[in-house]
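Each remark here refers to the structure printed beneath this line.
In mature numbering (1 follows the signal peptide of the UniProt record, and there is no 0), the protein residues as written are -15 to -1, 1 to 139.
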């Protein structure tokens, strides 16, 4: 079984306000009812964080991040970034920065996003208003991560 997760983020910064427009497509599964080790859930969270971080760092005005997994394979089969022509540098370079900054292995996603903290009770909040676009300390995937590159705006 192949699982492909996609996250699209378009952030427009107006004065001190950030307007988020997002679409989420994920492969075949639901988020709720799955523990954080399942890539249906954790993979969507990490690509959300990666896409937000790309845009927040100034590497692109909008982007899509895609990651594909196969059951029993410890590394993702592929990671893909498309900035829709809004990138400050080529998409290939953005992809390398993303691969250097994020660990897309399922076990490491759970550790890096601290998904097991508080047990499954922390995910009860997702039942109302969803998994994304929340300003809540339990939604660790919503935190923009600094990217490892000299090409990122200071």
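From the three backbone atoms N, C-alpha and C, an ideal C-beta is built for every residue, glycine too.
Keep in mind that this is a model prediction, so the values were computed, not measured.
Query raised in the report: When you compare only the Cα positions, how much space is there between residue 102 and residue 75?
Result: 37 Å
Report task. May I ask you to list the residues that DSSP assigns as paired with residue 45? Result -> Partner(s): 72.
Query raised in the report: Per DSSP, what kind of secondary structure is residue 67 in: helix, strand or coil?
Result: Here DSSP, grouped into helix, strand and coil, assigns residue 67 to strand.
Query - Own chain partners of residue 27 with C-beta closer than 8 Å, once the 5 adjacent residues on each side are dropped - result: 21, 91, 94, 95, 98 and 100
Query raised in the report: residue 30: buried (16+ other C-beta within 10 angstroms of its C-beta) or exposed?
Result: buried
Report task. With a threshold of 16 other CB atoms inside 10 Å of the CB of residue 57, please say whether the residue is buried or exposed. Result -> exposed
Query raised in the report: By how many angstroms is the C-alpha of residue 37 removed from the C-alpha of residue 68?
Result: Going by the C-alpha atoms only, they are around 12 Å apart.
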